[in-house]
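Enquirer: Once you've had a glance at the structure underneath, I'll fire off some questions.
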Amino acid sequence: MNHNDRFADALGDIAGAAGRSTSHLTDDELVAGVRRRATVLRRRRAAGRAATAAAAVVAVAAGGVVAAQQLGGTRAVPGPAAATEARCGEVFTPPTPTFEGLRLTLSPGSEVLAERGLTELPSVVATLDADASLDALTLTSDGNVEYTVVQDGRVVANGGSGVQPLVTTPLTAGGPASTPFVGMFPEPCDPSRRTSETSLPSGSLPAGEYEVWASVRDARVHEGKPGEDVSGGQPAVVVGGPWIVTLSDGDAAVRPEALACGATATDLVASTTPGTPRLTVTASRTLAPGLDDAPEARIEVAADDPRPYRVERLSAYLLDGDTVVGASNAYPRELDLDLVVAGDDARARVPVQRGSCDSDTDLSGPLTLLVVADVTDLVSSSSEVLRLVSERRPVTLEPEPAWEVPDDVAPTMAYGCGGPTADDTAWLDRSKDVFAQGGTPLRIAGTTARTTSMRGTTLDLGTTLTVDGDVLADGVQAFLLKDGRVVARAHTPTPDGTWTTFPAGPGDGGIDAWPAADVPRLDGPLDVDVPGRSCETGALLPAGDYELVVGLYGSVGFQVEVTVVESLGTITVTD
Amino acid sequence: MGTWEQTLSELVATRRRALVGYAYLLSGDVREAEDLVQDALVATCARVRAGTDVVALEAYVRKAVLRTYLDGFRRRRTWATIRHLSVVPDEQPPHESATTDHVPVRLDVQEALATLSPRERACVVLRHYDDLPIADIAGRLGLSVGTVKRYLSDAHRRLAATLGPDAPDTSAPGTDRMTLGGTR
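And the structure:
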């Protein structure tokens, strides 16, 4: 067994011992807690989808342009038939509700039923009709509804609900509806239509019209007014539907096609047609896609346009002249920008690929950025896609850096990204009292040959740092501050060649003892790498003034790590 | 096809200890490890769909543990620390019965891990506990291969300073040290 095996075994022993240690939660308590919290998160997403649809309907109503009956294809079909289980491929027979008048209806704002996917089936609520046989009841369930999707009388998608801690829903006859249930996403019966991912969504169906039914699983009805202490309850079938829903075929529903590699973009001109949404793009002159440097697209709907628009696709093209040499597409699932109405501050970062679309090489040099947003007007009964085109922007792609933007590069740095915080300040004060080997106080002198640098991964300022004092140092630190907060930071380790063997310290354990080892020991002035990228996002810092702070990261033995910092004043970053 | 709740129950019943142990290697604190696992379970179960089996769920949860651990440390702003190598925190797993070779090695390894930065520690755990190749570690952490190599090199150097001959091999493939910054 070699040292690698011993180390791995030691890790296994440590992990095993930790796993056997006593916890304050039993397994059942842990599971119950996770279920509760996960359920809340699932419901918030479902409520968010319902709220988005509600905003769309409100926008239409405010404009007074389109009457409600022209929205989507809502056609309620009354009268469920006998109750049966919904199995894939079989003829569907809707279940019979147990309690007359207790049913599921569409949530407010879910009435738009055109161009949806399996992840966007209508949100439903429970209601008790005014003429129901019961004046009041309490419905208990797991808070989920299961959808059954039917076409030509047969089940084509189903499944998805689960059992969780009890959810109680009080209802009175003719009273308000319940809060929306969590809609679980049904899975297509055709295995070829399912996705391989185990996270949501689960697949898609071919574009077309379908009947959608919803049912509350594991529902129980307790007769009585809300608020009364009820127990037991009767198992109940609570259903709703059918609703005629037009499903789009996932990503294939977007028309027209994205531009192909090598195609010309001559016909794509910035949109100026009155009455159509406007697309604008903000992008730095220099982009570094490898570090998530991305332009931002903004879609604005005219104030007097009452229509809601859904973003079907957002495409970023890199052009050499008028020819597409790079392309990337983002779809609603990936964008935090799928529904836009007048007054929205609708923005999304548009990923840009640095690779050439027709070779394995990376793009470089001056190019032109063009962004296209394909949107659909949710009021229109057609599925015609409106293409919004941005102004063209000159950009230069920066080469892939050889190293990542440092974050926690050093075990300790004077300031965290966004700092200094109260903790930073406390240690900063203390560092003045902590000395290097032999009691000699640390003094550092930093100099900067230039105070202006163009934007880049590393700023060209000619900054050096000299230490006065005998210290073991493991590198130097540089920070850029904006309005007193760290926006960039870098740690430059002491280079090879300055290591020296340091003897063991005195004593047995405690702060003054350290084992003998090779440690870095400063010798002469050090060049300081001044970072030019945001420590938060990795993007190049925008042009402007920043405060430059440099620091020495040193250690007393291996026990006490200290940093002494000094401000070198204001530097300017230019485009 | 089981519900996600059923899979969660099965995962907790069969793999909870392994998950807590994994989280402990990263965090070095049992209570924090339990919190990491619980948060990771919630984050995963909030998105997973019915039909996910236990093996897949555990894989997702482990990734979430790693991400939650690294995200948590990025929010912490302390920078200068005093580390006493002889101090063993309270409420930590009891040490196994001591033998001449075994307990001292594990104690030192625990303490040596504590000297690593969060990313160094994550790289070491993924490399030597999960036995992942460099490229997979890079993908798991969202870093370049070169950066992972640097973290491992720095971590191995720190571990060697504490563990001596028991430290992992710094000359193993993929652990070449990289030089950063400009020339001197």
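Residue numbers (the UniProt record's numbering), protein chains in the order written: chain X, 1 to 575; chain Z, 1 to 184. For every residue, glycine included, the Cβ atom is placed at its ideal position computed from N, Cα and C.
Any C-beta of chain X within less than 7 angstroms: which residues of the region 3-30 of chain Z qualify?
Expert: Thr3, Trp4, Glu5, Leu8, Ser9, Val12, Ala13, Arg16, Arg17, Ala18, Val20, Gly21, Tyr22, Tyr24, Leu25, Val30
Enquirer: Pull up the DSSP beta-bridge partners for tyrosine 147(X), would you.
Expert: Taking the first residue of the first sequence as position 1, residue 147(X) is located at position 147. According to DSSP, tyrosine 147(X) bridges with Ala214(X).
Enquirer: Note down, in chain order, each residue of its chain lying with its Cβ closer than 6 angstroms to the Cβ of threonine 68(Z), except the 5 sequence neighbours on either side.
Expert: What you label residue 68(Z) is simply residue 68 of the second sequence in a count that begins at 1. Excluding positions up to five away in sequence, the list reads Leu36, Asp39, Ala40.
Enquirer: Taking 7 angstroms as the CB-CB limit, is leucine 30(X) close to chain Z?
Expert: As a first step, residue 30(X) is located in the first sequence; it is residue number 30 there, counting from the start. Leucine 30(X) counts as touching chain Z.
Enquirer: In whole angstroms, what is the alpha-carbon distance linking arginine 17(Z) and leucine 25(X)?
Expert: Position 17 of the second sequence, counted from the first residue, corresponds to residue 17(Z). Position 25 of the first sequence, counted from the first residue, corresponds to residue 25(X). The straight-line gap from Cα to Cα measures roughly 12 angstroms.
Enquirer: Of the residues that make up the region 38-50 of chain Z, which ones have a beta carbon closer than 7 angstroms to any beta carbon in chain X?
Expert: Gln38, Leu41, Val42, Cys45, Ala46, Arg47, Val48, Arg49, Ala50
Enquirer: Aspartate 483(X) to leucine 19(Z), Cα distance in whole Å?
Expert: Translated into positions along the first sequence, residue 483(X) becomes position 483. Translated into positions along the second sequence, residue 19(Z) becomes position 19. Approximately 42 angstroms between the Cα atoms of the pair.
Enquirer: What does the Cβ neighbour count give for arginine 285(X), buried or exposed, with the cut at 16 atoms within 10 Å?
Expert: Counting from 1 along the first sequence, the entry for residue 285(X) is found at position 285. Around the Cβ of arginine 285(X), a 10 Å sphere holds fewer than 16 other Cβ atoms; the residue is exposed.
Enquirer: Let me check understanding here. Comparing Cα to Cα, which of Ala10(X), Phe99(X), Leu319(X) lies closest to leucine 369(X)?
Expert: Within the first sequence, residue 369(X) is the residue found at index 369, counting from 1. Of Ala10(X), Phe99(X), Leu319(X), the residue nearest in Cα terms is Leu319(X).
Enquirer: Compare the C-beta of tyrosine 129(Z) with all C-beta atoms of chain X and state if any pair is closer than 7 angstroms.
Expert: Taking the second sequence and counting its residues from 1, the one referred to as residue 129(Z) is at position 129. True, the Cβ-Cβ gap to chain X drops below 7 angstroms.
Enquirer: Between which two residues does the alpha helix (DSSP H) harbouring arginine 158(Z) extend?
Expert: Looking up residue 158(Z) in the second sequence gives position 158. Here the alpha helix (DSSP H) through arginine 158(Z) covers 145-163.
Enquirer: Applying a beta-carbon distance threshold of less than 7 angstroms, which residues of chain Z neighbour histidine 3(X)?
Expert: As a first step, residue 3(X) is located in the first sequence; it is residue number 3 there, counting from the start. What histidine 3(X) touches in chain Z: Pro165, Asp166, Ala167, Pro168, Asp169.
Enquirer: Do the region 301-318 of chain X and the region 232-246 of chain X meet, that is, are 3 or more Cβ pairs less than 8 angstroms apart?
Expert: no
Enquirer: Quick check on proline 165(Z): buried or exposed, where buried means 16 or more other Cβ atoms within 10 Å of its Cβ?
Expert: In the second sequence, residue 165(Z) corresponds to position 165, counting from 1. Result: exposed.
Enquirer: Taking the DSSP output, what are the residues bridged to histidine 222(X)?
Expert: In the first sequence, residue 222(X) corresponds to position 222, counting from 1. Answer by DSSP bridge pairing, in chain order: Thr138(X).
Enquirer: Distance check for leucine 540(X) and glutamate 300(X), CA to CA, integer angstroms please.
Expert: For this step, residue 300(X) is matched to residue 300 along the first sequence. For this step, residue 540(X) is matched to residue 540 along the first sequence. Counting only the Cα atoms, leucine 540(X) lies some 27 angstroms from glutamate 300(X).
Enquirer: Would a check of beta-carbon distances place isoleucine 14(X) closer than 7 angstroms to chain Z?
Expert: Locating residue 14(X) in the first sequence gives position 14, counting from the first residue. It does: the Cβ of isoleucine 14(X) has a partner Cβ on chain Z nearer than 7 angstroms.
Enquirer: Residues of the region 109-128 of chain Z in Cβ contact with chain X at a cutoff of 9 angstroms, in chain order, please.
Expert: Val109, Gln110, Leu113, Thr115, Leu116, Ser117, Pro118, Arg119, Glu120, Val124, Val125, His128
Enquirer: Look up aspartate 35(Z) in the DSSP assignment and say whether it is helix, strand or coil.
Expert: To locate residue 35(Z), count along the second sequence from 1; it is residue 35. Three-state result, aspartate 35(Z): helix.
Enquirer: Where glutamate 58(Z) and alanine 258(X) are concerned, what is the direct C-alpha to C-alpha distance, given to the nearest angstrom?
Expert: Here residue 58(Z) refers to the residue found at position 58 of the second sequence. Here residue 258(X) refers to the residue found at position 258 of the first sequence. Rounded to whole angstroms, glutamate 58(Z) to alanine 258(X) spans 38 angstroms at the Cα level.
Enquirer: Please return the same chain residues whose Cβ sits closer than 6 angstroms to the Cβ of valine 530(X), not counting the five positions on each side in sequence.
Expert: Here residue 530(X) corresponds to residue number 530 of the first sequence, with the count starting at 1. Correct list, in chain order: Leu459, Leu461, Thr463, Ala478.
Enquirer: Give the secondary structure of proline 188(X) by DSSP, where H, G and I count as helix, E and B as strand, and everything else as coil.
Expert: Residue numbering aside, residue 188(X) sits at position 188 when the first sequence is read from its first letter. Strand at proline 188(X).
Enquirer: Could you name the residues of chain Z that valine 149(X) contacts, counting a contact when the two beta carbons are closer than 9 angstroms?
Expert: Counted from its first residue, the first sequence places residue 149(X) at position 149. Going along chain Z, no residue has its Cβ under 9 angstroms from valine 149(X), so there is no contact; the nearest lies around 16 angstroms.
Enquirer: So, is the C-beta of valine 54(Z) closer than 7 angstroms to a C-beta in chain X?
Expert: One-based indexing of the second sequence puts residue 54(Z) at position 54. Chain X, which has no Cβ nearer than 7 angstroms to the Cβ of valine 54(Z), makes this no.
Enquirer: To the nearest angstrom, how far is the alpha carbon of leucine 397(X) from that of tyrosine 317(X)?
Expert: Within the first sequence, numbered from 1, the residue matching residue 397(X) stands at position 397. Within the first sequence, numbered from 1, the residue matching residue 317(X) stands at position 317. C-alpha separation (whole angstroms): 13 angstroms.
Enquirer: By how many angstroms is the C-alpha of leucine 116(Z) removed from the C-alpha of glutamate 536(X)?
Expert: Along the first sequence, read from residue 1 onward, the residue named residue 536(X) stands at position 536. Along the second sequence, read from residue 1 onward, the residue named residue 116(Z) stands at position 116. Cα to Cα, glutamate 536(X) sits roughly 22 angstroms from leucine 116(Z).
Enquirer: What does DSSP give as the partner residue(s) for leucine 318(X) in the beta ladder?
Expert: Here residue 318(X) refers to the residue found at position 318 of the first sequence. In DSSP, leucine 318(X) forms a bridge with Gly326(X), Leu369(X).
Enquirer: Can you confirm whether glutamate 58(Z), when its beta carbon is compared against all beta carbons of chain X, has any partner nearer than 7 angstroms?
Expert: Numbered from its first residue, the second sequence carries residue 58(Z) at position 58. Not closer than 7 angstroms to any Cβ of chain X, the Cβ of glutamate 58(Z) fails to qualify, so no.
Enquirer: Which residues does DSSP pair with valine 487(X) in a beta bridge?
Expert: Residue mapping note: residue 487(X) aligns to position 487 of the first sequence, counting from 1. Answer is none; valine 487(X) lacks a bridge partner.
Enquirer: Locate the beta strand (DSSP E) running through arginine 278(X), then write down its first and last residues.
Expert: Position 278 of the first sequence, counted from the first residue, corresponds to residue 278(X). First-last of the beta strand (DSSP E) with arginine 278(X): 278-282.
Enquirer: Assuming glycine 241(X) is part of the beta strand (DSSP E), what are its boundary residues?
Expert: Translated into positions along the first sequence, residue 241(X) becomes position 241. Residues 234-247.
Enquirer: Which one or two residues does DSSP pair with residue 579(X) in a beta bridge?
Expert: Any answer about residue 579(X) is impossible in this case: the structure gives chain X only from 1 up to 575.
Enquirer: Listing by chain order, which chain X residues have their CB less than 7 angstroms from the CB of arginine 106(Z)?
Expert: Within the second sequence, the letter at position 106 stands for residue 106(Z). Residues of chain X passing the Cβ test: Ala10, Asp13, Ile14.
Enquirer: Please determine if the region 45-55 of chain Z and the region 109-129 of chain Z are in contact, where contact requires at least 3 C-beta pairs separated by less than 8 angstroms.
Expert: no
Enquirer: Please report the Cβ distance between phenylalanine 181(X) and valine 145(X), rounded to the nearest whole angstrom; I am assuming they are in contact, meaning their Cβ atoms lie under 8 angstroms.
Expert: By 1-based counting over the first sequence, the position of residue 181(X) is 181. By 1-based counting over the first sequence, the position of residue 145(X) is 145. So it is a contact: roughly 4 angstroms between Cβ atoms.
Enquirer: I'd like the span of the beta strand (DSSP E) that includes alanine 122(Z), first residue to last.
Expert: Residue 122(Z) sits at position 122 when you count from the first residue of the second sequence. Per DSSP, alanine 122(Z) belongs to no beta strand (DSSP E); it is in the alpha helix (DSSP H), 118-124.
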